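Engineer: Residues 56 to 356 (the working numbering) are what the sequence shown spells out, left to right.
Take this structure first; my questions come after.
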Amino acid sequence: MNMKVTIAGVELKNPVMTASGTFGSGAEYAQLTDLNKLGAVVTKGVANVPWPGNATPRIAETYGGMLNAIGLQNPGIDLFVKRDLPFLRQFDTKVIVNVCGHTTEEYLEVVERLAGEPADLLEINISCPNVKEGGIAFGQDPKAVEAITREVKRVAKQPIIMKLSPNVTDITVMAKAAEAGGADAISLINTLTGMKIDIHKRSFALANKTGGLSGPAIKPIAVRMVYQASHAVQIPVIGMGGIMTWEDACEFMLAGATAVSVGTANFVNPNAAVEIAEGLEQYAKELGISEIRELIGAVKE
Ligand SMILES: Cc1cc2nc3c(=O)[nH]c(=O)nc-3n(C[C@H](O)[C@H](O)[C@H](O)COP(=O)(O)O)c2cc1C
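Have a look at this one:
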């Protein structure tokens with residue numbers, strides 16, 4: 056049974072990876088799960104300098120999911136390159152570095168710094184709902200998506216995945232804009248903007264007032280968007296949003312995803328991504344297919 060999939064020339068041993076921001080730097084999870092069994096580890100977003108993140112409280116549980124407004128707290132590229140990247144390289148898995156910024160220049164600084172570093176792919180987060188400038192401001196305007204993709208591609212040494220926001224009217228427009236700018240792949244979905252009010256305090260559950268909704272509650276929206284985006288572009292699509300089980304992952308692949316990311320599920324079960332990869336393999340064996348790739352976009356019309 057061949058579990059391999061390829062994203063922009065990079066071969067993953069299986070299609071299951073972690074979702075940015077839900078797996079720490081990898082070090083925390085390495086004690087709880089086997090990173091060698093993952094197709095790839097996607098790091099928390101890293102910026103040109105350390106970011107302190109937003110004020111607390113920054114997370115709140117909701118029905119079938121959670122809200123977060125971490126605000127992309129991160130140690131900055133210098134420490135990341137010195138401490139986190141070498142740690143992850145010890146494992147037999149691909150490393151995808153997620154990049155964030157407030158301005159085009161900040162994104163480019165990080166991408167340039169990573170040029171000589173052992174990262175397999177870069178994922179450019181233009182879809183974080185929790186930062187005031189940059190992030191989502193780029194991800195909601197197709198012209199800005201195309202422009203920043205082109206700029207990043209100009210300086211990047213690794214293939215580029217553009218991470219798209221679901222907080223848009225038509226995801227196909229954004230997918231096409233990323234492709235037009237030269238993206239090697241796209242990933243979706245990032246979180247959906249939400250709000251929760253604590254009726255006892257009569258105030259917002261999050262200090263930031265709004266936060267990003269993730270978890271099983273968003274899965275049907277994510278599957279729909281992955282289906283639409285994968286039909287709009289030729290480049291590979293990495294699907295995510297509420298994947299808790301291998302059955303969920305399978306839905307995303309049938310909808311058109313070449314690979315999948317597991318996010319919120321890691322908080323419930325640190326071994327979730329590994330179990331999902333194993334479950335997919337078992338399913339494919341029982342189905343009698345010889346390559347997992349056969350599932351990609353194979354939903355019957
Ligand atoms: C606590 C938390 C932190 C996140 N941080 C990032 C981040 O730094 N960069 C990014 O691109 N996405 C970030 N995300 C979004 C996830 O990578 C993913 O797109 C989203 O949560 C949907 O997947 P899920 O429902 O499986 O969690 C974060 C999500 C959560 C819950």
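Note that the Cβ used here is the ideal one computed from N, Cα and C, for glycine as well.
The structure displayed is predicted, hence computed values, not measured ones.
Taking only runs that begin and end inside the segment 300–326, name each unbroken alpha helix (DSSP H) of 4 or more residues, in chain order.
Structural biologist: 301–310, 320–323
Engineer: Among Asp225, Ala320, Val323, Ala312, which residue has its Cα nearest to the Cα of Ile347?
Structural biologist: If you number the sequence shown from 1, residue 347 lands on position 292. Ranking the options by Cα distance to Ile347, first place goes to Ala312.
Engineer: Output the boundary residues of the alpha helix (DSSP H) element that contains Leu140.
Structural biologist: Taking the sequence shown and counting its residues from 1, one reaches residue 140 at position 85. Element bounds for Leu140: 140–144.
Engineer: Grab me the residues of Glu167's own chain with a C-beta within less than 8 Å of its C-beta, minus the 5 sequence neighbours each way, in chain order.
Structural biologist: Your numbering for residue 167 matches position 112 in the sequence shown. Only Val210 meet the Cβ criterion.
Engineer: Looking only at its chain, what residues have a beta carbon closer than 8 Å to the beta carbon of Val136, apart from the 5 residues adjacent to it on each side?
Structural biologist: Indexing the sequence shown from 1 puts residue 136 at position 81. Correct list, in chain order: Arg168, Leu169, Glu172.
Engineer: Taking 8 Å as the cut-off, does the segment 322–329 touch the segment 147–156 (at least 3 CB pairs, one atom from each stretch)?
Structural biologist: no
Engineer: Buried or exposed: which applies to Gly64, given that a residue is buried once 16 or more other Cβ atoms fall within 10 Å of its Cβ?
Structural biologist: Residue mapping note: residue 64 aligns to position 9 of the sequence shown, counting from 1. Label assigned to Gly64: exposed.
Engineer: If you measure from the CB of Ala332, is any heavy atom of ligand 1 nearer than 7 Å?
Structural biologist: The residue labelled residue 332 in the question sits at position 277 within the sequence shown. Checking every heavy atom of ligand 1 against the Cβ of Ala332, none is found closer than 7 Å.
Engineer: Answer yes or no: the CB of Asn326 versus the heavy atoms of ligand 1, is any distance below 7 Å?
Structural biologist: The sequence position of residue 326 within the sequence shown is 271, counting from 1. No, Cβ of Asn326 sits at least 7 Å from all heavy atoms of ligand 1.
Engineer: Should the segment 108–116 be called in touch with the segment 87–96, which here means at least 3 C-beta pairs below 8 Å?
Structural biologist: Result no; under three Cβ-Cβ pairs closer than 8 Å.
Engineer: Are the beta-carbon atoms of Phe268 and Thr246 separated by less than 8 Å?
Structural biologist: Residue numbering aside, residue 268 sits at position 213 when the sequence shown is read from its first letter. Residue numbering aside, residue 246 sits at position 191 when the sequence shown is read from its first letter. Looking at the sequence itself, residue 268 is Leu, so the reference to Phe does not match. Yes. Within cutoff.
Engineer: Between Asp175 and the rest of its own chain, which residues show a CB-CB distance below 6 Å, the 5 nearest in sequence each way excluded?
Structural biologist: In the sequence shown, the residue the question calls residue 175 occupies position 120. If we look at Asp175 and ignore the five residues flanking it on each side, its Cβ neighbours are Val65, Lys149, Val150.
Engineer: On the CB-based measure, 16 or more other CB atoms within 10 Å of its CB, does Gly343 come out buried or exposed?
Structural biologist: Against the sequence shown, residue 343 aligns to sequence position 288. Its Cβ having fewer than 16 others within 10 Å, Gly343 is exposed.
Engineer: Any heavy atom of ligand 1 closer than 7 Å to the Cβ of Leu143?
Structural biologist: Locating residue 143 in the sequence shown gives position 88, counting from the first residue. For ligand 1, not one heavy atom lies less than 7 Å from the Cβ of Leu143.
Engineer: Based on Cα-Cα distance, which residue from Phe78, Ala314, Asp133, Ile114 lies nearest to Ala260?
Structural biologist: Numbered from its first residue, the sequence shown carries residue 260 at position 205. The candidate whose alpha carbon is nearest that of Ala260 is Ile114.
Engineer: Any chance the CB of Ser345 is under 7 Å from a heavy atom of ligand 1?
Structural biologist: Taking the sequence shown and counting its residues from 1, one reaches residue 345 at position 290. Incorrect: Ser345 has no Cβ contact closer than 7 Å to ligand 1.
Engineer: Quick check on Val210: does DSSP put it in helix, strand or coil?
Structural biologist: Taking the first residue of the sequence shown as 1, we reach residue 210 at position 155. Val210: helix per DSSP, three-state reduction.
Engineer: Could you tell me if Thr61 is buried or exposed, where buried requires 16 or more neighbouring beta carbons within 10 angstroms of its beta carbon?
Structural biologist: Reading the sequence shown from its first residue, position 6 is the one you call residue 61. Exposed, by the Cβ-count rule.
Engineer: Nearer than 7 Å: is that true of the beta carbon of Met58 relative to any heavy atom of ligand 1?
Structural biologist: Numbered from 1 along the sequence shown, position 3 holds the residue referred to as residue 58. No, Cβ of Met58 sits at least 7 Å from all heavy atoms of ligand 1.
Engineer: Fully enclosed by the segment 77–160, which alpha helix (DSSP H) runs are 4 residues long or longer?
Structural biologist: Along the length of the segment 77–160, whole alpha helix (DSSP H) runs at least 4 residues long occupy 82–85, 140–144, reported in chain order.
Engineer: My output table needs one value for Lys68: the three-state DSSP class, helix, strand or coil.
Structural biologist: What you label residue 68 is simply residue 13 of the sequence shown in a count that begins at 1. It is coil, neither helix nor strand.
Engineer: Taking just the CA atoms, how far does Leu243 sit from Met308?
Structural biologist: Taking the sequence shown and counting its residues from 1, the one referred to as residue 308 is at position 253. Taking the sequence shown and counting its residues from 1, the one referred to as residue 243 is at position 188. C-alpha separation (whole angstroms): 13 Å.
Engineer: DSSP three-state label for Thr224, please.
Structural biologist: In the sequence shown, the residue the question calls residue 224 occupies position 169. Coil at Thr224, not helix or strand.
Engineer: Please confirm whether Gly76 and Pro271 have their CB atoms less than 8 Å apart.
Structural biologist: If you number the sequence shown from 1, residue 76 lands on position 21. If you number the sequence shown from 1, residue 271 lands on position 216. For Gly76 and Pro271, no; Cβs fall outside 8 Å.
Engineer: If distances are taken between C-alpha atoms only, which option among Asn222, Ala124, Val154 comes closest to Pro214?
Structural biologist: Residue mapping note: residue 214 aligns to position 159 of the sequence shown, counting from 1. Ranking the options by Cα distance to Pro214, first place goes to Val154.
Engineer: Apart from the five residues on each side of it in sequence, which residues of its chain come closer than 6 Å, Cβ to Cβ, to Asp253?
Structural biologist: Residue 253 sits at position 198 when you count from the first residue of the sequence shown. Contacts found: Ala260.
Engineer: Less than 8 Å separating the beta-carbons of Thr319 and Met58?
Structural biologist: Here the question's residue 319 lines up with position 264 in the sequence shown. Here the question's residue 58 lines up with position 3 in the sequence shown. No. Outside cutoff.
Engineer: In the DSSP assignment, the beta strand (DSSP E) including Ile254 goes from what residue to what residue?
Structural biologist: Translated into the one-based positions of the sequence shown, residue 254 becomes position 199. Unbroken run through Ile254: none, as it is neither H nor E.
Engineer: Ligand 1 and Asn91: does any heavy atom of the ligand fall closer than 7 Å to the residue's C-beta?
Structural biologist: As a working note, residue 91 is residue 36 in the sequence shown. Closer than 7 Å to some heavy atom of ligand 1: that does not describe the Cβ of Asn91.
Engineer: CA-CA distance, Ser285 and Val292?
Structural biologist: The residue given as residue 285 occupies position 230 in the sequence shown. The residue given as residue 292 occupies position 237 in the sequence shown. One C-alpha to the other measures close to 6 Å.
Engineer: Would you identify the three-state DSSP class for Lys59, choosing helix, strand or coil?
Structural biologist: Counting from 1 along the sequence shown, the entry for residue 59 is found at position 4. Reduced to three states, the DSSP call for Lys59 is coil.
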